[in-house]
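Engineer: Numbering (the working numbering) for the sequence shown: 2 to 727.
No residue lacks a Cβ here, since even glycine has one placed at the ideal position from N, Cα and C.
Just passing along the structure, written as structure tokens.
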Amino acid sequence: MRVVNLLSKHLLRLGHQRPRIQLRCRSLAQDSLTALDMMRRGQIKRVLCVAEKNDAARGISEIMSNGMSREGLSRFNKIYEYEYHLFGQNVTVAMTSVSGHLLGLEFKAPYHKWLSCNPVLLFDAEVEKYCPDGMIQIKRTLEKEVRQCQALIIWTDCDREGENIGFEIIDVCKAVKPNLQVFRAKFSEITPNSIRRACETLSEPDVNISDAVDVRQELDLRIGASFTRFQTLRLQKIFPLSLANQLISYGSCQFPTLGFVVERFKAIQAFVPETFYKIKVLHEVEEETVEFGWKRHRLFNHTACLVLYQICMEDPLATVTSVASKPKSKWRPLPLDTVELEKLASRKLRISAKETMKIAEKLYTQGFISYPRTETNIFPASLALRPLVEEQMQNPDWGAFAQRVLEQPGGPNPRQGKNSDQAHPPIHPTKHINTLQGNEGRVYEFVVRHFLACLSQDALGQETVVDIDIAQEKFSTSGLMIVARNYLDVYPYDRWSAKVIPVYEQGSQFQPSAIEMVDGQTSPPQLLTEADLISLMEKHGIGTDATHADHIETIKSRMYVGLTPDQRFLPGELGMGLVEGYNAMGYEMSKPHLRAELEADLKLVSEGRKDKRSVLQHHIQKYKAVFIESVRKAKKLDEALSPYLGAAQEIPETEQQDMELQLPVRKCPHCGRDMVLRKRKEGNGKFLSCVGFPACKTAVWFPETVLEVSRDDSICSTCQPRPVHM
């Protein structure tokens, strides 16, 4: 196992296009149904319900039924069968699940093999959706069950990925039963009220949200595969001793994430400390020492500070110029969204974002908390908070505080934020449980305490500020008396300490115990913590609340970064060299701009405001242009990595030619693969060679009288089959 060297020294849906849904998430209430809708609904006798995971399917089924179940073809995805009142009648429900994405996306043969083509061709190669081996039994279960059903209800998570998984399920089921009626259940928690409400307000699946995921998946595949193959195959040859077996992956989210770590490290390296000077006043009163801070804060000129200090020492009598007392509050926390959960769990609980979200997902599927992937920090008026608080009154640790929240004037009173994703409420507890152990128990406790704290009242205090004058230099100190702790009584993750100072009267004078001129140095910024990194990703639009943790884990697992003993990110030699190399090319691929633009476009696709195909083509062409230039300047990558990995290996000319970017000129007339321009081993002549060599030996040799041959982007209007580049 290599150790990170730290720098501290489809089934493509082309076959059966879905009709585009214009009215997204339209409620299927009775008054909006046509006579034909009513007639079709009356024919529904059996319904297939599909959740995203078996735990969710089990939880939903236990609410809707008595928990009767039978085995499916996959031993991990059971089938729960029961009677339920739907569509105004009693129907038989078969509830089962998938295990996340049912289908994967891959290049069609032969492009899925690493050595099959020049990586640049992956930007245009055909892709297809397929069912991975581990999902085939689940797919067969769906195909078998749906044959007996007249309707399908999608119960996947109500986010982008869940909607896309829903359409994968729809495609598989409709391939077997084209006339199947399809509905979408919308819910944010697995509780009786939420599940009942979802059954009463079934809607249509949202194709726009699913399209956004399709675009993201295809772009991630094309961009990631092309850059990963290019840099892995090249750098393994250039640095065989260091990287012989190393996968050197690229991702349009992971590289900006790595870039944040490298940028902070470089800022620390470049930091030059400056010496500053300041004056402080000490006053001892009844065995208490009060420190008054200088209103100028600090000066960077020693002589200037020394002159002011000497003036103070000539007449060291302090006059109290102001004594002001005012109320002060410490705000209770905002309702909890995903990003704050990840950041606070990392800071306060010392649990990584990846593990936090894994635990939160489990708590959600078990019905203990609401859906943990949300951008909302506003509790909607429709959410009844009092019953949720009452549920927590039985807990021996925070039950008494829950009682206080119910009895405070106005009852539960949440501090409201400004963000809503219009899909899910803030993360909150849905059921009391006191038997959870380890980190599961700690995360659940944090969610509950945060929930009760944000429904409580701000902590209240009284602050006293005392200003003094010594030889016209101003100094100040402050004291704090906490009047009411309020939310702090249930929220140990915040601290607010009282500070006692003596009583001073305006106009009074005193002789300071000491007046000191002290120096210090400015401090460099600190290395990033995981919470810092998530904040930067959120600020710059890298990934989503659902993917931040995954991108961070990727750069750790690729050994691009490591962690210091105090859990701060430090770039590894490989990560540092890659960022410096791409930056030297002139493309800021470690900067967030490229990916942030893509994330913004994906949001517009999900809202139906941009076309899926136009966004896909725009970003394919943009990244393809960057890729071509990166390959042409690849030596800069070698040069940047050499200081970290040792001298670059000399590559024989024939192998060097294989590593160069070879754009296709035409299709091979024999095997249909690309033909590219190559240089003869001897002399300066060139020829066209099939990339299928040695299996395909087709070649076009130019006569020796041809001194120079090059390819441009123009296409011959005569030669067939097109395109033939000139």
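Helix, strand or coil: how does DSSP classify residue 424 here?
Structural biologist: It is coil, neither helix nor strand.
Engineer: Across which residues does DSSP place residue 221 in a beta bridge pair?
Structural biologist: DSSP output for residue 221 lists no bridge partner at all.
Engineer: Is it right to say residue 370 is buried, meaning 16 or more other beta carbons lie within 10 angstroms of its own, or is it exposed?
Structural biologist: Per the 10 Å Cβ criterion, buried.
Engineer: Helix, strand or coil for residue 429? Go by DSSP, reduced to three states.
Structural biologist: Correct three-state label for residue 429: coil.
Engineer: What residue from 175, 231, 158, 176 has the CA that sits closest to residue 185's CA?
Structural biologist: It is 158 whose Cα lies nearest to the Cα of residue 185.
Engineer: Which of the three DSSP states is assigned to residue 273 in this structure?
Structural biologist: Coil, per DSSP.
Engineer: What would DSSP say about residue 602, mapped onto helix, strand or coil?
Structural biologist: Residue 602: helix per DSSP, three-state reduction.
Engineer: Cα separation between residue 650 and residue 241?
Structural biologist: Their Cα atoms are separated by approximately 8 Å.
Engineer: Is it a yes or a no for the stretch 418–434 touching the stretch 364–378, going by three-plus beta-carbon pairs under 8 Å?
Structural biologist: At 8 Å Cβ cutoff, the stretches touch.
Engineer: If you follow the beta strand (DSSP E) that residue 86 is in, where does it begin and where does it stop?
Structural biologist: 80–87 is the extent of the beta strand (DSSP E) around residue 86.
Engineer: Go through its chain and collect everything with a Cβ distance to residue 519's Cβ below 7 Å, but skip five positions before and after it.
Structural biologist: Around residue 519: 279, 281.
Engineer: Under 8 Å: does the beta carbon of residue 144 sit that close to some heavy atom of the ligand HEM?
Structural biologist: No copy of the ligand HEM occurs in the structure displayed, which carries no ligand at all.
Engineer: Looking only at C-alpha atoms, which of 236, 54, 138, 317 sits nearest to residue 515?
Structural biologist: Measuring from the Cα of residue 515, the nearest candidate turns out to be 317.
Engineer: Output the boundary residues of the beta strand (DSSP E) element that contains residue 1.
Structural biologist: Only positions 2 to 727 of the chain appear in the structure, and residue 1 is not among them; the question remains open.
Engineer: Are residue 286 and residue 503 close, meaning C-beta to C-beta below 9 Å?
Structural biologist: For residue 286 and residue 503, yes; Cβs fall inside 9 Å.
Engineer: Where does residue 95 fall in DSSP's three states?
Structural biologist: Correct three-state label for residue 95: strand.
Engineer: How is residue 358 classed by DSSP in three states: helix, strand or coil?
Structural biologist: In this structure, residue 358 counts as helix in the three-state DSSP scheme.
Engineer: Using DSSP's beta-bridge definition, name the partner residues of residue 278.
Structural biologist: DSSP lists 300, 520 as partners of residue 278.
Engineer: For the stretch 571–591 against the stretch 258–267, do three or more pairs of beta-carbon atoms, one drawn from each stretch, fall closer than 8 Å, so that the two count as touching?
Structural biologist: The stretch 571–591 vs the stretch 258–267: in contact.
Engineer: Under the assumption that residue 99 contacts residue 53 (Cβ atoms under 8 Å), give the Cβ distance between them as a whole number of angstroms.
Structural biologist: Contact holds; Cβ gap of about 6 Å.
Engineer: Would you kindly check if the distance between the Cβ of residue 227 and the Cβ of residue 124 is under 9 Å?
Structural biologist: Going by C-beta atoms, residue 124 is nearer than 9 Å to residue 227.
Engineer: Do residue 152 and residue 45 have their C-beta atoms closer together than 9 Å?
Structural biologist: Cβ atoms of residue 152 and residue 45: closer than 9 Å.
Engineer: Going by DSSP in three states, residue 588 sits in which element: helix, strand or coil?
Structural biologist: In this structure, residue 588 counts as coil in the three-state DSSP scheme.
Engineer: Does residue 289 come out as helix, strand or coil in the three-state DSSP assignment?
Structural biologist: In this structure, residue 289 counts as strand in the three-state DSSP scheme.
Engineer: Pick from 530, 340, 448, 372: whose alpha carbon is nearest that of residue 390?
Structural biologist: It is 448 whose Cα lies nearest to the Cα of residue 390.
Engineer: Cα separation between residue 451 and residue 493?
Structural biologist: The alpha-carbon atoms of residue 451 and residue 493 are separated by roughly 10 Å.
Engineer: Do residue 174 and residue 147 have their C-beta atoms within less than 9 Å of each other?
Structural biologist: Yes; because the gap between Cβ atoms is below 9 Å, this pair is in contact.
Engineer: Indicate the three-state DSSP secondary structure (helix, strand or coil) for residue 691 in the structure shown.
Structural biologist: Strand at residue 691.
Engineer: Just the Cα atoms here: how many angstroms apart are residue 266 and residue 165?
Structural biologist: Approximately 38 Å between the Cα atoms of the pair.
Engineer: When the Cβ atoms of the stretch 528–544 are set against those of the stretch 579–588, are three or more pairs found closer than 8 Å?
Structural biologist: Because the criterion of three Cβ pairs below 8 Å is not met, the stretch 528–544 and the stretch 579–588 do not touch.
Engineer: Let me check one thing: in DSSP terms, what residues is residue 729 bridge-paired to?
Structural biologist: Residue 729 is absent from the structure shown; the chain starts at 2 and stops at 727.
Engineer: Short of 8 Å in beta carbon distance, which residues of its chain neighbour residue 542, apart from the five on each side in sequence? Order them along the chain.
Structural biologist: So the qualifying residues of the chain are 593, 596, 597, 600, 601.
Engineer: Give me the Cα-Cα distance between residue 472 and residue 464, rounded to the nearest whole angstrom.
Structural biologist: Roughly 26 Å separates the two Cα atoms.
Engineer: The beta strand (DSSP E) with residue 676 in it runs from where to where?
Structural biologist: Residues 675–680.
Engineer: Quick check on this structure: which residue in 83, 608, 56 has the alpha carbon closest to the alpha carbon of residue 47?
Structural biologist: Nearest C-alpha to residue 47: 83.
Engineer: Between the stretch 556–568 and the stretch 611–628, are three or more C-beta pairs nearer than 8 Å?
Structural biologist: Segments in contact, no.
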